[in-house]
Each structure stands twice: as structure tokens, then as C-alpha cells.
Amino acid sequence: MTKPKILVARAVFPEVIARLEQYFEVESNQLDETWSKAQLMAQLKDKQGAFTTGSDRIDGEVLAACPSLKICANMAVGYNNFDIDAMTAAGVLATNAPDVLTETTADFGFALLMATARRLTESEHFLRAGKWSKWSYDMFAGSDIHGATLGILGMGRIGQGIARRGALGFGMKVIYHNRSRLDAALEAECKASYVSKEDLLKSADHLVLVLPYSAQSHHAIGAAELAQMKPTATLVNIARGGIVDDVALAAALRSKRIAAAGLDVFEGEPVVHPDLLSLSNVVLTPHIASATIPTRLAMANLAADNLIAFFTGKVPPTPINPAALATK
Ligand code: GLV
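Take the sequence shown: its position 247, counted from the start at 1, is 232 in this note's numbering, and no numbers get skipped.
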């Protein structure tokens, strides 16, 4: 029997490619070339399945060019690179990689929060530049984590992991805002109180963004929201670029409207707005919140599990749009 053809759109672990090769005729971008949309469509046009990452956009144009495509398995929990409505209409199943990255990503959210509040990278750059000549009482004074109010916007699994770390590890008061309120038992377990978005902005000493990107969350933090935050506040974004208006944030950081920001994601990444690059009160990392080898391997294997289940007649473990199965 001929094996289904799949495309692995980016370089991934060789052992995952080897696993996929047991089931599929695999074409993979192991050289990790940056493909244009036209190149992606050319590579994908004769394939039945795709292993994608958050950088690979699958929209109506791609779907129209790839009539054999039946499933796209994203090696990411976020899937704003997928046009889900177009995929469902075309009968293309979308899957993502939730759960396996939750704790690793929550660890990183906390690391970025601490680095930002305690001015870790700024002080390290100062030291490396040979500028440290004497101790002084307020040198790189930052803001406390312990006992502070931690605000979380977006209280899914990763938000809950950050809440637990803050409340249980650092004695923080945790407040959150989310589309829907957690049930009482989960709120109690996370030691988190539900507040309005306005109260979250006004009360948080540290505000961490963990909500998914969508048209509704585009620029959820812009000039108006930044104006409501404490001047001593820090803002951390480990969610998606575009949730924060980067230009408004750079202006707020420059004028010290808020104290500092930690950003792992950017509008238009991998390009970072030059205004952010020139500021010292921002910690910048290249979208690495889930980047530990065991977690990235688990994410890749979960994407592979979805492809293998789909083509062997089993139920894929983490479908996003099961309605697509009824379409084709
Ligand atoms: C990373 O950003 C992911 O969505 O998994």
C-alpha cells in the first residue's frame, strides 16, 4: 500500500522524522529554509498531511492550492497561524499541541517576570560593558515579586500554572481576568480571584499576558490600557505578538508610564520594533517560552501522534476543529 505523503514544514528532531517515516512518505524542510507562501504552497500541493509550526500560515489561498490536504498538525498550542473557518470549510482537520508545554511555559513566564522586575539583563549588560566601578544603594533597584499583586490576563492552563507559582511559591496575591471565570474549586486551587479587566490593569504590580491571539485580543494592551497601569508596574507577554501594541508599549516604557516589560513575542516577529530594541527597561527573548528539549520533543511527538492517528483511522488526540471530519 502506498504511504500518504506529508510535508514537515520546518526542521524538527530527527527521531520524530524517523517515526513519521514509518507511516508516511515524508518531505521535510530539515535545512530549515525560510519559505515564502508560494514556496510553502508548492511544497504542500501534492501532500495529504502537514506538520506545521506557528510560523506556517495555512489560509484559504493555501488550502485552494492544496486540494489533497486533509490534516495540518501544529507543533504549538497556539494556532492563530491557521484560518480555522477556512480549514473546516475545506474539510481539513487542524490539531495543536496543548498540555505538554504547560509547566515549561509557566516556568518561563515566571523567569521573564523575575528578570524584568529585577532588571537582570540590563544589569548584566552594564557589568559586561565594564561599567561597574562601585556599589551604590539604588543601583539597578527593581520591584519585589514576593508579596506583590500578580495580574494574569488569560487564565487557561498556562495562566493557571503561573498563578500557582506566584501564590504558592512567592506569596503573591493573584488576580485574573478571562473570557470566562474559572469554577470555584480551580480558583481556590490557584488561589486566584476574578476581577474586571479594568481592575486587573489598575491593581497589578506585575501583569502577565497568556491569552490566545484573535481578532478580539488584537491590541488588548494598547495606549489606553497602559495608561491605567501603575507607573511601577511590569508587563510580561508570553502569549502572542499583536496582543500588545508594541509602538504604544515602547512609548510607555520610554516615558516611564510603566516601569518595565518582558517580551517573548512580538508583532511581526522575528522582526522586532526598533523602538523596543533601543530601550533598556525591556527584556527581550526570541519566542522561547516552551523551549526545553523534553518539552519541544513532546510537542513534536504530539503533532506526529495526531498525523499517525488520523491516517490510521484512529481519533487524533488533540483536534481543534473536529467538524472538519464531517466536511470531506
Ligand atoms: C508557542 O508559542 C505555542 O503556541 O506553542
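Just so you know, even glycine gets a beta-carbon here, dropped at the ideal spot from N, CA and C.
ask   = Where the beta carbon is closer than 6 Å to any heavy atom of ligand 1, which residues qualify, in chain order?
value = Screening all residues for a C-beta within a distance smaller than 6 Å of any heavy atom in ligand 1 leaves GLY39, ALA61, VAL62, GLY63, LEU86, SER275, in chain order.
inquiry  = Quick check: what's the CA-CA separation for PHE296 versus ASP290?
reply    = Residue mapping note: residue 296 aligns to position 311 of the sequence shown, counting from 1. Residue mapping note: residue 290 aligns to position 305 of the sequence shown, counting from 1. Rounded to whole angstroms, PHE296 to ASP290 spans 10 Å at the Cα level.
task = Specify the secondary structure class of THR134 as computed by DSSP and reduced to three states.
result = Reading the sequence shown from its first residue, position 149 is the one you call residue 134. Here THR134 sits in strand by DSSP.
Ranges of the alpha helix (DSSP H) found wholly within the segment 145 to 225, counting only runs of at least 4 = 169 to 175, 182 to 188, 208 to 213
task = Can you give me the Cβ contacts of PHE155 inside the same chain, cut-off strictly under 6 Å, excluding the 5 residues immediately before and after it?
result = By one-based count along the sequence shown, residue 155 stands at place 170. Here the set comprises ILE130, HIS131.
inquiry  = So that I know if they touch, is there some Cβ in chain D lying closer than 8 Å to that of GLY76?
reply    = The structure shown contains no chain D, having only a single protein chain.
ask   = In terms of alpha-carbon separation, which member of SER165, SER21, HIS191 lies closest to ALA218?
value = Here residue 218 refers to the residue found at position 233 when the sequence shown is read from its first residue. It is HIS191.
key: Bounding residues of the alpha helix (DSSP H) (the contiguous stretch that carries LYS22)   = If you number the sequence shown from 1, residue 22 lands on position 37. 22 to 29 is the span of the alpha helix (DSSP H), which, as asked, contains LYS22.
query = When we look at the beta-carbon of PHE36 and count the other beta-carbons within 10 Å, is it buried (16 or more) or exposed?
reply = One-based indexing of the sequence shown puts residue 36 at position 51. Counting Cβ neighbours within 10 Å, PHE36 comes out buried, since at least 16 surround it.
ask   = Looking only at DSSP bridge pairs, what is CYS57 linked to?
value = Within the sequence shown, residue 57 is the residue found at index 72, counting from 1. Partner(s): ALA35, ALA79.
ask   = Is the beta carbon of VAL232 sitting closer than 8 Å to the one on ALA246?
value = On the sequence shown, residue 232 is found 247 positions in, with the first residue counted as 1. On the sequence shown, residue 246 is found 261 positions in, with the first residue counted as 1. No. Outside cutoff.
key: Reduced DSSP category for LEU264 - H, G, I as helix; E, B as strand; rest coil   = Indexing the sequence shown from 1 puts residue 264 at position 279. Correct three-state label for LEU264: coil.
message = Spatial neighbours of SER265 within its chain, please: C-beta separation below 7 Å, excluding the five flanking residues on both sides.
response = For the purposes of this step, residue 265 is identified with residue 280 of the sequence shown, where counting begins at 1. Around SER265: GLU107.
inquiry  = Taking a contact to mean a Cβ-Cβ separation below 8 Å, would you say VAL47 touches LEU86 in this structure?
reply    = Here residue 47 is taken as the residue at index 62 of the sequence shown, counted from 1. Here residue 86 is taken as the residue at index 101 of the sequence shown, counted from 1. Contact flag unset, no.
task = Assess, as a yes-or-no matter, whether the segment 223 to 239 is touched by the segment 193 to 204 under the definition of 3 or more beta carbon pairs within less than 8 Å.
result = Note that the segment 193 to 204 touches the segment 223 to 239; at least 3 beta-carbon pairs, one per stretch, sit closer than 8 Å.
query = Exposed or buried, ASP230, counting other C-beta atoms within 10 Å across all chains shown (16 or more means buried)?
reply = Counting from one through the sequence shown, the residue named residue 230 turns up at place 245. Classification of ASP230: buried, given that the 10 Å Cβ count is 16 or more.
inquiry  = Quick check on the DSSP output: the beta strand (DSSP E) that includes SER13 runs from which residue to which?
reply    = Within the sequence shown, the letter at position 28 stands for residue 13. First-last of the beta strand (DSSP E) with SER13: 10 to 13.
request  = Could you check which residue in GLU12, VAL1, LEU261 has the C-alpha nearest to that of LEU(-8)?
outcome  = Indexing the sequence shown from 1 puts residue -8 at position 7. Closest by alpha carbon: GLU12.
inquiry  = By DSSP's criteria, LEU248 is part of a beta bridge. Which residues make up the other side?
reply    = Along the sequence shown, one-based indexing puts residue 248 at 263. DSSP links LEU248 through a beta bridge to ASN222, LEU269.
message = Which of the three DSSP states is assigned to PHE67 in this structure?
response = Position 82 of the sequence shown holds residue 67. PHE67 falls in the strand class under three-state DSSP.
query = In the structure shown, what three-state DSSP assignment does ILE243 receive?
reply = In the sequence shown, residue 243 corresponds to position 258, counting from 1. Coil, per DSSP.
task = Answer yes or no: do TYR161 and ALA173 have a C-beta to C-beta separation smaller than 8 Å?
result = In the sequence shown, residue 161 corresponds to position 176, counting from 1. In the sequence shown, residue 173 corresponds to position 188, counting from 1. TYR161 is not a Cβ neighbour of ALA173, given a cutoff of 8 Å.
query = Below 8 Å between beta carbons: does that hold for VAL250 and VAL221?
reply = On the sequence shown, residue 250 is found 265 positions in, with the first residue counted as 1. On the sequence shown, residue 221 is found 236 positions in, with the first residue counted as 1. No.
key: Neighbourhood of GLN33 by C-beta, 8 Å cutoff - its chain only, sequence neighbours within 5 removed   = Walking along the sequence shown from the start, residue 33 turns up at place 48. PRO(-11), LYS(-10), ILE(-9), SER53, LEU54, LYS55, ILE56, PHE296, listed in sequence order.
query = Going by the beta-carbon positions, is the gap between LEU287 and THR303 smaller than 8 Å?
reply = Position 302 of the sequence shown, counted from the first residue, corresponds to residue 287. Position 318 of the sequence shown, counted from the first residue, corresponds to residue 303. Yes.
ask   = Between the Cα of LYS241 and the Cα atoms of ILE69, PHE111, ALA212, which residue gives the shortest distance?
value = Residue 241 sits at position 256 when you count from the first residue of the sequence shown. Out of ILE69, PHE111, ALA212, ALA212 has the C-alpha closest to the C-alpha of LYS241.
query = Are ALA309 and THR38 close, meaning C-beta to C-beta below 8 Å?
reply = As a first step, residue 309 must be located in the sequence shown, where it is residue number 324. As a first step, residue 38 must be located in the sequence shown, where it is residue number 53. Going by C-beta atoms, ALA309 is not nearer than 8 Å to THR38.
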